[in-house]
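Please read the structure below before turning to the comments.
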Amino acid sequence: MPTANARSERLNMRLSPDALATIREAAAAQQQDVSAFVLGAAMEHAREVLLRDRVLQLTPRELDQVDTALEAEPRVVPELAALIAAVRRDTPQHGKQELTSH
Numbered sequence: 000m001p002t003a004n005a006r007s008e009r010l011n012m013r014l015s016p017d018a019l020a021t022i023r024e025a026a027a028a029q030q031q032d033v034s035a036f037v038l039g040a041a042m043e044h045a046r047e048v049l050l051r052d053r054v055l056q057l058t059p060r061e062l063d064q065v066d067t068a069l070e071a072e073p074r075v076v077p078e079l080a081a082l083i084a085a086v087r088r089d090t091p092q093h094g095k096q097e098l099t100s101h
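Read in numbering that gives the first Met the number 0, the sequence shown has 20 at position 21, and its numbers run on one by one without any break.
Right, dumping it as structure tokens:
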């Protein structure tokens with residue numbers, strides 16, 4: 000059974016002799032083979048890209064608006080309350096436990 004770390008995929012690329020020489024030199028400086036060096040660098044960059052893509056960044060003004068909204072008294076939206084009530088009514092409550100005080 001394959002594990003999460005099983006290597007089954009392959010990535011091929013063409014690059015200039017100068018680029019390969021630079022990568023080989025950098026890999027040697029890190030005491031890594033070229034494949035490990037390239038994979039490590041690519042994974043680090045991929046994680047940075049995904050983090051920037053997935054993290055919500057707010058300006059100070061936007062942050063103030065969020066803080067104001069969070070500090071405001073909650074309000075009932077009748078349509079949303081009705082929808083929630085309908086879903087609760089129509090959804091079986093499997094495994095529902097009642098809380099009792101001791």
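Yeah, the Cβ is synthetic: ideal placement off N, Cα and C, and Gly gets one too.
Checklist entry - Between the C-alpha atoms of ASP17 and HIS44, what's the straight-line distance to the nearest angstrom? => result For this step, residue 17 is matched to residue 18 along the sequence shown. For this step, residue 44 is matched to residue 45 along the sequence shown. Answer to the nearest angstrom: the Cα atoms are 21 Å apart.
Checklist entry - Looking at the unbroken alpha helix (DSSP H) that takes in ARG6, where does it start and where does it end? => result The residue given as residue 6 occupies position 7 in the sequence shown. Neither: ARG6 is in no alpha helix (DSSP H) and is coded neither H nor E.
Item to check | Backbone CA spacing between GLU70 and ASN11 [nearest angstrom] | outcome: Within the sequence shown, numbered from 1, the residue matching residue 70 stands at position 71. Within the sequence shown, numbered from 1, the residue matching residue 11 stands at position 12. So the alpha carbons of these two residues sit roughly 53 Å apart.
Next on the checklist: Using the three-state DSSP reduction, which class does ASP66 fall into: helix, strand or coil?
Outcome noted: By one-based count along the sequence shown, residue 66 stands at place 67. In this structure, ASP66 counts as helix in the three-state DSSP scheme.
Checklist entry - Shortest alpha-carbon distance to LEU19 belongs to which of GLN30, SER34, ARG6, ALA5? => result Within the sequence shown, residue 19 is the residue found at index 20, counting from 1. The shortest Cα separation from LEU19 among GLN30, SER34, ARG6, ALA5 belongs to SER34.
Checklist entry - From ARG60 to ASP66, what does the alpha carbon distance come to, in whole angstroms? => result Reading the sequence shown from its first residue, position 61 is the one you call residue 60. Reading the sequence shown from its first residue, position 67 is the one you call residue 66. Answer to the nearest angstrom: the Cα atoms are 10 Å apart.
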